[in-house]
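Following: one structure in structure tokens, then a few remarks.
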Amino acid sequence: MSFADALAAADSAAAGFFDTPGFTALPMARPERASNAPLMPDTSREAFGFSGSLDIAPEFTAFTTGNRPTASDRQVRQISRICVSALSTGWPWVPREGDRIRTATALYALAASPDTDGTARIVMWLNRISA
């Protein structure tokens with residue numbers, strides 16, 4: 001077995017253990033020649049369902065790394081770090097910045113292009129849009 005085959009088997013084993021179904025990738029795009037236009041559903045790509053692992057880091061404030069504001073903090077903003085990791089083999093397309101991810105309880109927007117480490121497993125950093 002080659003290293004690439006072993007790595008693919010490890011990716012598949014991790015996905016089988018950690019990933020749960022219930023995610024839908026929704027393609028979004030701006031109309032042609034409209035760089036400042038709002039994102040609209042992209043009809044050139046079909047939405048698809050996938051399995052993944054949603055991780056939400058504990059909230060922290062924008063001014064400190066703690067989860068409670070101090071007396072010197074003003075206009076405190078709570079920030080969460082949200083990511084989905086998933087095995088992307090067999091996907092019709094890889095989500096990109098601006099696309100949406102729907103779960104049973106929330107809608108998220110991809111905050112950046114997915115992170116990869118050379119394997120088929122990707123990490124997508126998200127911003128929660130709505131419940």
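According to my numbering, the sequence shown is numbered sequentially starting from 1. C-beta atoms are modelled at their ideal positions from N, C-alpha and C, and glycine is treated no differently.
Straight-line gap, residue i to residue j (C-alpha atoms, nearest Å)
{"i": "serine 51", "j": "threonine 43", "result": "23 Å"}
{"i": "arginine 100", "j": "leucine 107", "result": "7 Å"}
{"i": "aspartate 55", "j": "methionine 1", "result": "32 Å"}
{"i": "alanine 34", "j": "aspartate 5", "result": "44 Å"}
{"i": "phenylalanine 3", "j": "alanine 9", "result": "10 Å"}
{"i": "threonine 103", "j": "glutamate 32", "result": "29 Å"}
{"i": "leucine 39", "j": "phenylalanine 17", "result": "35 Å"}
{"i": "glutamate 97", "j": "aspartate 115", "result": "11 Å"}
{"i": "alanine 37", "j": "serine 53", "result": "32 Å"}
{"i": "aspartate 137", "j": "alanine 111", "result": "Any answer about residue 137 is impossible in this case: the structure gives the chain only from 1 up to 131."}
Classification of residue i by the beta-carbon crowding that lies within 10 angstroms, buried from 16 upward
{"i": "aspartate 19", "result": "buried"}
{"i": "phenylalanine 23", "result": "buried"}
{"i": "proline 21", "result": "exposed"}
Option nearest residue i by Cα separation, candidates the options
{"i": "glutamate 46", "options": "Ser130, Ser113, Pro114, Val94", "result": "Val94"}
{"i": "proline 82", "options": "Leu126, Arg102, Glu32, Pro41", "result": "The question names proline, but residue 82 is isoleucine in the sequence shown. Comparing Cα positions, the closest option is Leu126."}
{"i": "serine 80", "options": "Pro41, Asp117, Ala57", "result": "Ala57"}
Same chain only: Cβ atoms within 7 Å of residue i, ignoring 5 sequence neighbours per side
{"i": "leucine 7", "result": "Thr119"}
{"i": "isoleucine 129", "result": "Leu107, Tyr108, Ala109"}
Same chain, Cβ closer than 8 Å to residue i, five either side skipped, listed in chain order
{"i": "proline 92", "result": "Arg45, Glu46, Phe48"}
{"i": "asparagine 113", "result": "Correcting the residue type first, residue 113 is serine in the shown sequence and not asparagine. The residues are Arg96, Glu97."}
Problem - contact_flag[the stretch 24 to 42, the stretch 4 to 14] where n(CB pairs < 8 Å) is 3 or more - result: no
Problem - Cβ contact (3+ pairs, closer than 8 Å) linking the stretch 78 to 95 and the stretch 120 to 129 - result: yes
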